[in-house]
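J.: Take this structure, written in structure tokens, and hold onto it; I'll ask about it next.
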Amino acid sequence: MLSNKIKSSFLPLVIFSSCVAAESEFVIEDILDGQQVSHFALGDTDGDGSDEIIFMDQYGNVKIAKNLTNPNTLNMLVNTRWSLSENWKLQFLDQAYPSTDIRVAMTYEHNGNVFKSGTGLASKKDGKIEVNINGFSGNPAVTINYVSVAKGTMKGSYKDIQYSGSRSYPMNARKE
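Read in the working numbering, the sequence shown has 19 at position 11, and its numbers run on one by one without any break.
As structure tokens, this is what we get:
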């Protein structure tokens with residue numbers, strides 16, 4: 009009886025929320041490790057300030073999966089390098105003492121030569137990872153909505169660090 013009430017009250021929320029989340033370019037099946045998902049929503053179910061994925065599987069069971077980024081995500085990124093595009097690279101270096109932020113380097117490379125570079129810090133903010141490049145004004149140069157170090161995938165957006173006010177691109181990065 010209780011599960012029927014949960015399902016019936018959950019469905020309207022799921023339909024509305026899945027439209028919103030689809031705009032964030034999440035591939036929900038990738039995040040949920042290939043499970044068959046009929047509907048999903050994002051919400052903070054455990055009060056940690058980070059949204060979890062609430063989803064219904066093909067059998068009508070409502071399940072909860074951990075969020076897109078988690079408290080350990082930043083630590084797992086240390087000493088990794090990611091291809092944001094054919095030429096843009098993002099390298100997570102080490103932890104900036106005494107902060108929990110991580111030092112990063114962003115470069116534009118072509119034929120082994122570096123044409124643009126910037127350094128800055130990566131930090132977790134509002135359930136996302138933001139990379140702020142020194143000297144880059146305004147919004148973060150890179151916003152990471154989803155990262156799986158184990159699967160070597162990262163989704164979000166990035167900007168050309170030479171042009172702070174424009175040139176924003178969707179990002180489907182891969183770990184090198």
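For each residue, glycine too, the CB sits at the ideal point set by N, CA and C. This one's a predicted model, so the numbers in the text were calculated from it and none came from an experiment.
What is the residue span of the beta strand (DSSP E) that I61 lies within?
T.: Here the beta strand (DSSP E) through I61 covers E60 to D65.
J.: Enumerate in chain order the residues of its own chain whose CB-to-CB distance from G164 is below 6 angstroms, with the five nearest sequence positions on each side excluded.
T.: Excluding residues within five positions, the ones whose Cβ falls inside 6 angstroms are T151, I152, N153 and M179.
J.: Assuming I141 is part of the beta strand (DSSP E), what are its boundary residues?
T.: Its beta strand (DSSP E) spans residues K136 to I141.
J.: Go through its chain and collect everything with a Cβ distance to L101's Cβ below 6 angstroms, but skip five positions before and after it.
T.: If we look at L101 and ignore the five residues flanking it on each side, its Cβ neighbours are R111.
J.: Less than 8 angstroms between the C-beta atoms of G126 and I169, yes or no?
T.: Going by C-beta atoms, G126 is nearer than 8 angstroms to I169.
J.: On the DSSP bridge list, what partners appear for Y166?
T.: According to DSSP, Y166 bridges with V150 and Y177.
J.: CA-CA distance, P106 and T161?
T.: Answer to the nearest angstrom: the Cα atoms are 28 angstroms apart.
J.: Which class does L129 belong to by DSSP, given the choice of helix, strand or coil?
T.: DSSP places L129 in strand when its eight states are reduced to three.
J.: On the three-state DSSP scale, how would you describe L98?
T.: Note: L98 maps to strand in three-state DSSP.
J.: Excluding the 5 residues flanking S32 on each side, which residues of the same chain have their C-beta closer than 6 angstroms to its C-beta?
T.: Unreliable placement is indicated for S32, whose pLDDT of 37 sits below 50; the coordinate value is still reported in the next sentence. Result list for S32: N153, in chain order.
J.: Could you give the distance in angstroms between the alpha-carbon of R89 and the alpha-carbon of A73?
T.: Spanning the two alpha carbons is a distance of roughly 27 angstroms.
J.: On the DSSP bridge assignment, give the partners of K73 in chain order.
T.: According to the sequence shown, residue 73 is Ala rather than Lys. Beta-bridge pairing links A73 to I61.
J.: Between L82 and A130, how many whole angstroms is the CB-CB distance? I'm expecting something under 8 angstroms.
T.: That belief holds up - the Cβ atoms of L82 and A130 are roughly 7 angstroms apart, short of 8 angstroms.
J.: Start and end of the beta strand (DSSP E) containing L92?
T.: It is not in any beta strand (DSSP E) - L92 carries neither H nor E in the DSSP assignment.
J.: For A30, does the count of other Cβ atoms within 10 angstroms reach 16, so buried, or fall short, so exposed?
T.: At A30, the pLDDT of 28 sits below 50, so the modelled position is not reliable; the number obtained from the coordinates is stated separately. Exposed: under 16 other Cβ atoms inside 10 Å.
J.: Can you say whether T115 is buried or exposed, counting buried as having 16 or more other CB atoms within 10 angstroms of its CB?
T.: Result: buried.
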